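Novice: Below is one structure. I have some questions about it.
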Amino acid sequence: MASSMRSLFSDHNRYVESFRRFLNSSTEHQCMQEFMDKKLPGIIARIGDRKSEIKILSIGGGAGEIDLQILSKVQIQYPGIHINNEVVEPSAEQIAKYKELVAKTSNLENIKFAWHKETSSEYQNRIIEKKEFQKWDFIHMIQMLYYVKDIPATLKFFHSLLATNAKMLIILVSGISGWDKLWKKYGSRLPQDDLCQSVCKQKGNDLITEGKKKHQMAKGSDWENSLDFSHFLKNTKKVRQGNEPEITASEETSWDRFVWARLATHGFPICVS
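The opening position of the sequence shown corresponds to residue 55 in this note's numbering, with each subsequent residue numbered one higher.
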């Protein structure tokens, strides 16, 4: 029977709040930091060769915490070179937090920031319609492909924007991760139009291979997260109205136990050249 539960994406403010609580209860950003420290320098080793400016495009940059970590690594790799950092982010609240973070962060003098309040699809359509194509030295999509309806087309478009020696970094959950097991076990109880399910059904390398691009898997650490925010993990709103099916206390407890015991989100970084 099809689930009548509503996707958490239907309530943007609730989604943002759920995401913030998720981050507070997990080590996702710490794991990202470890990846940036150990693997990112090698990935960006040639993106700025013989260039007076490095152009970076952040798709789904959120509140900017990870973006600034990336920018700091680029600054270390290419000291003194001007950086043009543009951000595509649909949430006005997240953009505001990003700007606040930039305002209180030092050593950003050589970086120019620009924000576009739009989804990746809206950005893509605008660029195509206005023919405002430009090449980028580094494009990153961190934990955002879950919100894209046509993943192969999206990857193909942004891959076409890569300059010489450029890289595109994609980070998403692995097709063999705890997330995947979670959705396989409880997916029938959740909104069937949820895009997260379609991403979990495909491994990252399958998504890239579909677009016939060269890629390499950037194998990082175990990236083991302890997560305890079931609404964000399930991407559902906890509703008790109309004909919405109730989830019993025992089912809620079972679900949370499953999250704690089984959920080790092995992030799946993919570097596309």
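Even for Gly, the Cβ is constructed at its ideal location relative to N, Cα and C.
Quantities reported herein were computed from a predicted structural model and do not represent experimental measurements.
Going by alpha carbons, who is nearest to I124 out of G134, A146, D91?
Specialist: Ranking G134, A146, D91 by Cα distance to I124 puts D91 first.
Novice: Suppose the cutoff is 6 Å on Cβ atoms and the five residues either side in sequence are ignored; what does the same chain contact list for A117 look like?
Specialist: The answer, listed in chain order, is Q148, K151, Y152.
Novice: Between the region 122-136 and the region 199-217, do three or more beta carbon pairs fall short of 8 Å?
Specialist: No: the two stretches stay apart, fewer than three of their Cβ pairs being nearer than 8 Å.
Novice: Closer than 8 Å is the cut-off here; do at least three beta carbon pairs connect the region 153-160 with the region 175-192?
Specialist: Segments in contact, no.
Novice: Are there three or more Cβ pairs, one per stretch, closer than 8 Å when the region 219-228 is compared with the region 134-142?
Specialist: No, the region 219-228 is not in contact with the region 134-142.
Novice: Inspect the beta-carbon positions of I135 and I108 and report whether they are closer than 9 Å.
Specialist: In contact: I135 and I108 (Cβ atoms closer than 9 Å).
Novice: For a test of the three-state rule: what should DSSP assign to D103, helix, strand or coil?
Specialist: It is coil, neither helix nor strand.
Novice: Give the straight-line distance between the Cα atoms of E163 and W169, rounded to the nearest whole angstrom.
Specialist: For E163 and W169, the distance between alpha carbons rounds to 17 Å.
Novice: Extract the residue ranges of the beta strand (DSSP E) inside the region 118-145, only unbroken runs of 3 or more that lie entirely within it.
Specialist: Correct list: 136-142.
Novice: Can you tell me whether G115 is buried or exposed? The criterion is at least 16 other CB atoms within 10 Å of its CB, across all chains shown.
Specialist: Buried, by the Cβ-count rule.
Novice: At what residues does the alpha helix (DSSP H) containing F211 begin and finish?
Specialist: Element bounds for F211: 205-213.
Novice: Grab the span of the beta strand (DSSP E) containing I196 for me, first residue to last.
Specialist: I196 -> beta strand (DSSP E) spans 190-196.
Novice: Please classify D121 as buried or exposed, where buried requires at least 16 neighbouring CB atoms within 10 angstroms.
Specialist: Buried, since its Cβ has 16 or more Cβ neighbours within 10 Å.
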